[in-house]
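So the structure is just underneath, and the comments pick up after that.
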Amino acid sequence: MHTPYLVLIILAPLLGALLNGGLYLYHIKRKAIPEIIFALIGTITPFIAFIFTLLLFFELKDTGTTFHQTLFTWLNINGLNIEMKFLGDKLAIFMAMFVTFVGWLIHIYAVGYMKKDEGFGKFFAYFNLFLASMLILVLADNPIIMFIGWEGVGVCSYLLISFYYTESQNVMAGNKAFIVNRVGDLGFILGVVTLFFALGKTGLDFTSMQENIGVATTGTLALAGVLLFIGAMGKSAQVPLYVWLPDAMAGPTPISALIHAATMVTAGVYMVARFHFLYTGIEEIGLFIAYIGAISALFAAIIATRQTDIKKILAYSTMSQLGYMFIAVGLGFYSSGLFHVFTHAFFKAMLFMGAGAVILALHHEQNIFKMAKHRVYQPIVKATFLIGVIAIAGIPPFSGFFSKDAILAAAFQKEEFLLYGIGIFTAFLTAFYMFRLYFIVFVAPNGHDVHYASTDKTISFPLLVLAIGAIFAGFLNFPAVFAGEHQVDTWLAQLQSATLTLSHSTEYILMAASVAVAALGILVAYIKYAKFNLEVPETEEGIIGNKFYIDELYHLLFVKSLKKISTFFDKVVDEKIVDGMVMTVSREFVDFGKKLAFLQNGNVRFYALYMLIGMSCAFLYLYTTLIGQ
Amino acid sequence: MTSLLGYATVSMILFSIGAIGVISRRNIFVIYMSIELMLNAINLFLVTFARYHLNMDGHVISMIVVAIAAAEAAIFLSVIILLFRSKGKLDTDIFTELKQEVE
């Protein structure tokens with residue numbers, strides 16, 4: 004069904020970005036525009052996008068027919084037809100709905116967080132652009148348009164991570180994010196090209212790809228699947244391309260919330276779900292994805308237990324939760340994976356916002372032990388943060404429990420007990436390090452009187468809304484064992500996800516196990532940190548504290564060796580060989596010219612002679628050719 | 024036909040004498056006269072063929088050449104006077120200011 008609204012979802016934030024960008028450029032010169040105008044444009048445009056998405060959602064719910072919108076033909080080369088076309092199927096609308104909603108709330112939050120910042124307008128321009136790029140990615144009808152959004156998200160993350168560009172550390176973090184993402188992007192584009200050729204060049208939109216999937220051989224499909232997943236690894240920060248995510252915390256906190264909840268990192272999971280027709284056929288690749296996800300989940304959780312920076316702990320927890328999502332999509336449980344993306348968006352955005360509110364109240368202190376010493380009383384922040392922590396730890400009936408438990412049950416059902424074991428151990432670690440964070444920052448006694456600090460309304464409003472989401476979002480996919488309806492699974496039926504067929508008693512046992520594990524994690528954290536002596540703070544030491552020296556390893560393996568190769572090319576290949584060749588040629592010309600210079604002796608008689616010789620030769624040539632005819 | 028070949032030969036000989044004069048002589052006046060000789064050799068050629076083909080075009084061009092040669096003579100002579108004033112000689116070998124100095 005054709006609809007004009009689909010593109011408006013994208014255009015609204017894009018327009019906001021353009022307006023804010025233009026006004027900001029004017030603002031730099033004149034200082035004439037108050038923050039409220041940027042804030043209004045910046046927050047209203049995502050809201051418009053959300054409203055349009057909601058309209059489409061209800062229409063889709065009633066009619067059940069997928070929306071299409073073709074704007075124009077972008078490229079038409081010899082049968083390769085790429086149209087500027089958008090697709091609003093149930094998957095895309097589902098994704099777009101919480102992206103716009105959570106994105107909108109984060110925009111509101113940013114108004115309070117970025118208050119009185121010099122780059123206020125610029126920030127909102129980038130922010131809107133970020134959301135627009137993500138929506139292009141989500142609503143794209145073919146991988147090429149998706150790639151535009153994919154790259155746009157990368158650019159915006161770069162711009163926003165290095166938002167405070169006066170500090171070289173932030174710029175380095177931005178560069179790192181961008182460069183590591185490029186590695187993944189290469190995988191994505193190669194994967195799309197492989198798929199295009201594997202399907203006999205029959206078309207580049209998702210619908211026709213799905214129809215023609217039978218044409219391709221399993222080998223090429225596997226290759227395309229792996230390449231595409233490399234793209235997902237980069238965007239969704241999975242082992243081994245995760246290193247950019249913790250460093251990305253250099254940006255202002257609203258960025259972290261946006262990157263981690265609504266945009267960017269969820270793109271990888273979404274992309275794998277979008278290409279579900281490709282992955283369902285080849286189980287080995289699915290298992291590979293699931294294991295990468297499991298390794299990432301465990302790895303990030305272990306690192307998170309020793310981190311001292313509040314935002315980095317949250318960053319590692321995101322990576323860990325993304326690992327769960329990849330376990331789900333890898334095993335074919337696409338809707339469970341996306342459901343975890345959905346619930347995660349709520350509680351992770353809320354956790355980041357809470358962290359940001361605390362950071363703001365403590366004048367940009369991010370070390371949790373130092374934060375605890377100067378603790379201020381922010382009841383809303385504390386309460387919502389607790390909700391978020393419980394949700395991510397997986398305690399029922401909070402949303403994280405349902406989505407995470409579905410994934411663990413899926414691993415159990417597939418008889419991938421290693422995956423299940425890693426998952427359940429990670430769940431323990433998650434509960435442990437999240438409550439470590441909570442107890443240190445909000446509970447551990449610091450021997451001071453705690454003063455009340457007022458929280459800006461623009462900060463507390465989104466927190467409260469998201470808290471509701473974090474508590475109740477889980478009920479949207481209420482498990483069948485509790486006589487639930489699996490509404491999300493039903494809505495995403497097009498993905499043909501695998502379904503849980505475990506007996507009810509098994510499911511009860513699994514649930515009890517995960518709750519017990521989470522409770523154990525909380526208990527350990529409580530014993531260790533609830534009465535923690537803040538005079539002897541933990542430091543980031545040892546192999547875990549140093550993040551397994553992965554950054555150093557990468558530095559050694561890639562950065563240094565690349566530098567060596569570059570130096571070699573610069574000093575030897577370029578200077579000696581290329582320059583040598585070019586300079587020799589030019590020197591020869593100069594020398595030859597010097598040898599001929601005696602002809603220019605200034606004597607007019609000789610010039611006349613040269614002219615005569617030249618003309619004679621020309622005439623001779625003309626004469627012979629004319630005779631030849 | 025014999026007569027055509029004769030005229031052409033004469034004109035070619037005149038042209039060659041002029042060309043050799045331009046190249047080999049050093050006196051600017053002689054060079055100038057040699058140039059005139061070349062012009063008139065061409066004129067002769069044009070007129071010969073115009074007569075031969077009974078076509079007036081050649082005559083017209085030769086008349087134009089004469090007229091231009093007259094104008095050119097005026098400029099040429101004044102240039103010669105200026106050159107003479109600057110160096111006091113009319114030997115072309117001393118006017119080599121544009122020579123390329125080879126290092």
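From first to last, the protein sequence lines are chains A and B. Here the numbering used here runs 3 ahead of the position in the first sequence, where the first position is 1. Here the numbering used here runs 23 ahead of the position in the second sequence, where the first position is 1. The beta carbon of each residue, even a glycine, is placed where N, CA and C say it ideally should be.
- With fewer than 16 other Cβ atoms from the protein chains shown falling within 10 Å of its own Cβ, MET614/A counts as exposed.
- Between the stretch 154–163 of chain A and the stretch 260–271 of chain A there are three or more C-beta pairs closer than 8 Å, enough to call the two in contact.
- By a beta-carbon distance limit of 8 Å, GLY340/A does not contact ILE292/A. Their separation comes to about 10 Å.
- Leaving aside the five residues that flank THR46/A on each side, the residues in its chain whose CB is nearer than 6 Å to its CB run, in chain order, HIS110, ILE111.
- Residue state for GLN72/A is assigned as strand, using DSSP reduced to three classes.
- According to DSSP, residue pairing for ASN79/A in a beta bridge involves ASN84/A.
- Within the same chain, Cβ atoms closer than 7 Å to the Cβ of SER211/A are found at THR205, the five residues on either side in sequence being excluded.
- For ILE46/B, the chain A residues whose C-beta falls within less than 9 Å of its own C-beta are ARG608, PHE609, ALA611, LEU612, LEU615, listed in chain order.
- For PHE592/A and ARG48/B, the gap between their C-alpha atoms comes out near 34 Å.
- A buried status is given to GLN310/A, since no fewer than 16 other beta-carbon atoms sit within 10 Å of its beta-carbon.
- Put simply, the CB of GLY122/A is far from chain B, with every gap to its CB atoms at 8 Å or more.
- At a cut-off of 8 Å, the C-beta of GLY631/A has no neighbouring C-beta in chain B.
- Beta bridge pairing from DSSP links ALA143/A with PHE89/A.
- For THR627/A, the enclosing alpha helix (DSSP H) covers residues 607–631.
- Counting the other CB atoms within 10 Å of its CB gives THR197/A a total of 16 or more, which places it among the buried residues.
- Using a Cβ-Cβ distance cut-off of 8 Å, the stretch 142–149 of chain A and the stretch 77–90 of chain A are in contact, since at least three pairs of beta carbons, one from each stretch, lie closer than that value.
- Under DSSP, VAL379/A shares a beta bridge with HIS454/A.
- DSSP places HIS279/A in the uninterrupted alpha helix (DSSP H) bounded by 279–284.
- Secondary structure note for GLU541/A: it is in no alpha helix (DSSP H), with a DSSP letter that is neither H nor E.
- Taking a Cβ-Cβ cut-off of 7 Å, ASP114/B has no neighbours in chain A, whose nearest Cβ is about 10 Å from it.
- Taking LEU389/A as the centre and dropping the five residues before and after it, the same chain places the C-beta of TYR441, PHE445 closer than 8 Å to its C-beta, in chain order.
- Sequence-distant partners of THR458/A (beyond 5 residues in either direction) whose C-beta falls short of 7 Å from its own C-beta, in its chain, are ALA360, GLN381, ILE383, VAL384.
- Looking at the backbone, the Cα of ALA94/B and that of ALA611/A are separated by about 22 Å.
- Boundaries of the alpha helix (DSSP H) around ASN63/B: 51–76.
- When the Cα atoms are used, ILE13/A and GLY335/A turn out to be separated by approximately 30 Å.
- Residues of the same chain with a CB within less than 6 Å of the CB of GLY426/A, apart from the 5 flanking positions on each side, are LEU411, ALA414 in chain order.
- By the neighbour-count definition (other C-beta atoms within 10 Å, threshold 16), THR628/A is an exposed residue.
- Runs of alpha helix (DSSP H) with 4 or more residues, each lying fully within the stretch 96–148 of chain A, are found at 123–142, listed in chain order.
- Under DSSP, ASN370/A takes part in a beta bridge, and its partners are ASP312/A.
- A distance below 7 Å between beta-carbons, with the five flanking residues on each side excluded, links TYR129/A to the following residues of its chain, in chain order: CYS159, LEU162, LEU163.
- HIS5/A sits in a strand when the DSSP states are folded into three classes.
- Taking the CA atoms as reference points, ILE84/B sits about 15 Å from HIS76/B.
- Straight-line spacing of the CA atoms in TRP247/A and VAL186/A works out to 12 Å.
- Neighbours of GLU120/B in chain A, taken as residues at a C-beta separation under 8 Å, are given in chain order as GLY605.
- In the structure shown, ASP250/A falls within a helical segment according to DSSP collapsed to helix, strand and coil.
- Per DSSP, the beta-bridge partners of ASP114/B are ASN50/B.
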